[in-house]
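The structure appears below as structure tokens.
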Amino acid sequence: MVQNALLYTSLDQLAVTGHVLNVEDQEWVRANLEIRGLVAFVPDGAVLPRKSGADDKPMESKRAEDATDDNDTPNLVRFLSPDTLRVSFDLPNMGKTLAGIGIRKGITLICGGGFHGKSTLLSALQVGMYNKIPGDGREFCVCSANAVKIRAEDGRNVSQVNISPFINNLPFGQGTESFTTADASGSTSQATNIMEALEMGAKTLLIDEDTCATNFMIRDDKMMQLVHKDKEPITPFLYKAKTLSKQGISMILVVGSCGDFFDIGDTTILMDCYSCHDVTARAKQIAATRAANGGALAASKDNFGNVTPRCPVGTAFKPDGKVAVRSKTVVAYGETELDLSGLEQLVTKEQTNAITLALQRLPVLAPDSKMTIFQVLTQLNALLDQGGGLDVLANGQFDGTLARPRVFEIAGAINRLRSKGSFVQLT
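Numbering (our numbering), first residue to last: -19 to 407.
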């Protein structure tokens, strides 16, 4: 079986070589984004829509009478970059020039009507840190490796997170510089997700208004006239995004309902029937004539606030019973159920298997609560890179059910585990 399945001479050598060269070129394009001042790239001709929410295969273009699948369509639109945003890469292995849209650093808005392809484009970008197999349709749809999808996550666990850049002055004097709750609201969970991503070194935030808390994202002029800012604990993301951008954090936001974001956008893309258009000039023109809050957003020079490092308490992560991975997003961690559904960039159950093993190593990796979560997971990454690979997590035993997760998803699991006293802030 090994000879027939694993040896190069027993396989379709042309297909194997083509696969390897394709994946290497995808990795090369991703590595060159930073040099080009980009955070993402989508090639012309890419097939972004999937067959369905339960089928990750690419949608196929077929005549209605020829379709064998209800999810195929005669109206498939392949991606095509606007001329004004088109860039190209000369692929070193495949020996061809690849052109497509280059999404620049800064704040990029993806606008358009409902069902016109906004979220489909963002969905392709949020898995752009993974290389695709040939035939996926999203080959060379690449995104910065340190891009993190942000969403609201009602009910999630939060431990010792400084969310004061977004939320302050809670009723009855409750502080937010070391915020802890077992049942976060939409706004506090989204603030937490952003602060935790920044704590782990995220440089690009991916945000879709469909999965956001509205009161966290915006507050319009009329509401500010009724509810004075002294009575509103939340500073909307709209008012923080520009200062965050000035500190080197890029954002790609799907916005279809609030034009106030035009005030802060560096680039604005319009999706119209899955066709992509550069409408930056028009958006800036609208913003100049109807600026929100008298233009204060674009002119703001306020600091973003502080990201407070936290140290995991290793002993708090010892499971109090058997550990079992139920699915990609559900883990029975002893008597505690760990819900990972908010980590949208997890793509396989095998990654969750590896994350679960990493959680169980925390008592060894962080025995004295003096290393920050960033330092702990940087150390873990180094162990995985030094030749042991994922078997390091399984105490040197071979485990064929593991796939490597990013540190952002490992940190996401650590942060969501409901364990008392799991973090202390670095002092």
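C-beta: ideal position from N, C-alpha, C; glycine also. In this text the structure is predicted, and so the values were computed from the model without any measurement.
Nearest CA to the CA of V9: which residue from A125, P38, Q(-7)?
Locating residue 9 in the sequence shown gives position 29, counting from the first residue. Per the Cα distances, A125.
Chain-order list of residues whose beta-carbon lies under 7 Å from that of T295 (same chain, five-residue window excluded):
In the sequence shown, the residue the question calls residue 295 occupies position 315. Excluding residues within five positions, the ones whose Cβ falls inside 7 Å are P343.
Are the CB atoms of D243 and A261 nearer to each other than 8 Å?
By 1-based counting over the sequence shown, the position of residue 243 is 263. By 1-based counting over the sequence shown, the position of residue 261 is 281. The answer is no: Cβ separation not under 8 Å.
Proximity of V19 and A127 at Cβ, strictly below 8 Å:
Against the sequence shown, residue 19 aligns to sequence position 39. Against the sequence shown, residue 127 aligns to sequence position 147. Taking 8 Å as the Cβ cut-off, V19 and A127 qualify as a contacting pair.
Below 7 Å CB to CB, which residues in the same chain sit around I198 once its five sequence neighbours on both sides are set aside?
For the purposes of this step, residue 198 is taken as residue 218 along the sequence shown, with counting starting at 1. Counting only Cβ-Cβ distances below 7 Å, and skipping sequence neighbours, we find P216, L218, C238, D240.
Do you know offhand how far E4's Cα is from R118's?
For the purposes of this step, residue 4 is identified with residue 24 of the sequence shown, where counting begins at 1. For the purposes of this step, residue 118 is identified with residue 138 of the sequence shown, where counting begins at 1. Distance between the alpha carbons of E4 and R118: 15 Å.
Helix, strand or coil: how does DSSP classify L233 here?
The sequence position of residue 233 within the sequence shown is 253, counting from 1. Reduced to three states, the DSSP call for L233 is strand.
Check the C-beta distance from M251 over to K98 and give it rounded, since I have them as a contact under 8 Å.
Residue numbering aside, residue 251 sits at position 271 when the sequence shown is read from its first letter. Residue numbering aside, residue 98 sits at position 118 when the sequence shown is read from its first letter. About 5 Å; that satisfies the 8 Å criterion.
Since E317 sits in a beta bridge, which residues does DSSP pair it with?
Residue numbering aside, residue 317 sits at position 337 when the sequence shown is read from its first letter. Bridge partners of E317: A312.
In the DSSP assignment, find the alpha helix (DSSP H) that holds A104 and state where it starts and stops.
Reading the sequence shown from its first residue, position 124 is the one you call residue 104. Unbroken alpha helix (DSSP H) run through A104: 98 to 106.
Out of D210, E179, A104, which has the shortest C-alpha to C-alpha gap to L150?
Mapped onto the sequence shown, residue 150 falls at position 170. Looking at the Cα atoms, D210 is the closest of the given residues.
Contact set for G135: own chain, Cβ-Cβ below 6 Å, skip 5 residues either direction
As a position in the sequence shown, residue 135 is number 155, starting the count at 1. These residues qualify, in order along the chain: D163.
Taking the Cβ atom as the reference point for each residue, do T156 and S139 lie within a distance shorter than 8 Å?
For this step, residue 156 is matched to residue 176 along the sequence shown. For this step, residue 139 is matched to residue 159 along the sequence shown. Not closer than 8 Å, so no.
Which ranges does the alpha helix (DSSP H) cover as unbroken runs of at least 4 residues, wholly within the segment 124 to 179, from first to last along the chain?
166 to 179
Using CA atoms only, rank isn't needed, just tell me which of K85, A79, L323, E40 is closest to T248.
Looking up residue 248 in the sequence shown gives position 268. For the residues K85, A79, L323, E40, the minimum Cα distance to T248 belongs to K85.
Helix, strand or coil: how does DSSP classify G92 here?
Taking the sequence shown and counting its residues from 1, the one referred to as residue 92 is at position 112. Of the three classes helix, strand and coil, the one that applies to G92 here is strand, per DSSP.
How big is the Cα-Cα spacing for D24 and Y(-12)?
Residue mapping note: residue 24 aligns to position 44 of the sequence shown, counting from 1. Residue mapping note: residue -12 aligns to position 8 of the sequence shown, counting from 1. Looking at the two C-alpha atoms, the distance is approximately 32 Å.
Given 8 Å as the limit, is there contact between the segment 175 to 193 and the segment 376 to 392, that is, 3 or more CB pairs closer than that?
yes
Sub-8 Å separation of E317 and V310 beta-carbons:
The count along the sequence shown starts at 1 and reaches residue 317 at position 337. The count along the sequence shown starts at 1 and reaches residue 310 at position 330. Against a cut-off of 8 Å, the Cβ pair of V310 and E317 comes out as a contact.
Round the Cβ separation of G245 and L105 to the nearest angstrom and send it over; I've been treating them as touching at under 8 Å.
Numbered from its first residue, the sequence shown carries residue 245 at position 265. Numbered from its first residue, the sequence shown carries residue 105 at position 125. G245 to L105, Cβ: 16 Å. No contact.
Counting along the chain, where does the alpha helix (DSSP H) carrying Q(-17) start and finish?
Start at 1 with the first residue of the sequence shown, and residue -17 comes out as number 3. -18 to -14 is the span of the alpha helix (DSSP H), which, as asked, contains Q(-17).
Roughly how many angstroms lie between the CA atoms of D35 and K302, to the nearest whole one?
If you number the sequence shown from 1, residue 35 lands on position 55. If you number the sequence shown from 1, residue 302 lands on position 322. Approximately 32 Å, taken between the alpha carbons.
Close Cβ partners of D190 (< 8 Å) along its chain, the five nearest in sequence each way excluded
Taking the sequence shown and counting its residues from 1, one reaches residue 190 at position 210. Excluding sequence neighbours, D190 sits near S99, V234.
I need the DSSP call for K31, collapsed to helix, strand or coil.
In the sequence shown, the residue the question calls residue 31 occupies position 51. Reduced to three states, the DSSP call for K31 is strand.
If you measure between the beta carbons of N142 and N286, is that distance less than 8 Å?
The sequence position of residue 142 within the sequence shown is 162, counting from 1. The sequence position of residue 286 within the sequence shown is 306, counting from 1. Taking 8 Å as the Cβ cut-off, N142 and N286 qualify as a contacting pair.
7 Å Cβ shell around T352 - same chain, five flanking residues per side excluded:
Indexing the sequence shown from 1 puts residue 352 at position 372. Once the five neighbours on either side are set aside, the close Cβ partners of T352 are P289, R290, C291, L406.
When the distance is taken between beta carbons, is A334 closer than 8 Å to A304?
As a working mapping, residue 304 is identified with position 324 in the sequence shown. As a working mapping, residue 334 is identified with position 354 in the sequence shown. The answer is no: Cβ separation not under 8 Å.
Same chain, Cβ closer than 7 Å to S144, neighbours up to 5 away in sequence not counted:
As a first step, residue 144 must be located in the sequence shown, where it is residue number 164. Result list for S144: T156, E157, G285, in chain order.
Rounded to the nearest angstrom, what separates S321 and S169 at their Cα positions?
Within the sequence shown, residue 321 is the residue found at index 341, counting from 1. Within the sequence shown, residue 169 is the residue found at index 189, counting from 1. For S321 and S169, the distance between alpha carbons rounds to 13 Å.
First through last residue of the alpha helix (DSSP H) which encompasses H(-1)
Here residue -1 refers to the residue found at position 19 of the sequence shown. Where H(-1) is concerned, the enclosing alpha helix (DSSP H) stretches over -7 to 11.
Would you tell me roughly how many angstroms separate the C-alpha atoms of K329 and V107, rounded to the nearest one?
What you label residue 329 is simply residue 349 of the sequence shown in a count that begins at 1. What you label residue 107 is simply residue 127 of the sequence shown in a count that begins at 1. Cα-Cα distance, rounded: 15 Å.
Would you check if the distance between the CB atom of T381 and the CB atom of D258 is smaller than 8 Å?
As a first step, residue 381 is located in the sequence shown; it is residue number 401 there, counting from the start. As a first step, residue 258 is located in the sequence shown; it is residue number 278 there, counting from the start. Result no, Cβ atoms of T381 and D258 do not sit closer than 8 Å.
What do you get for S(-10), buried or exposed, if any count of 16 or more other CB atoms within 10 angstroms of its CB means buried?
Taking the first residue of the sequence shown as position 1, residue -10 is located at position 10. Exposed, by the Cβ-count rule.
Buried or exposed, going by whether 16 or more other CB atoms sit within 10 Å of the CB of Q331?
Locating residue 331 in the sequence shown gives position 351, where the first residue counts as 1. Classification for Q331: buried.
Closer than 7 Å: A346 CB and nearest the ligand GDP heavy atom
Within the structure as shown, the ligand GDP is missing, as the structure has no ligands at all.
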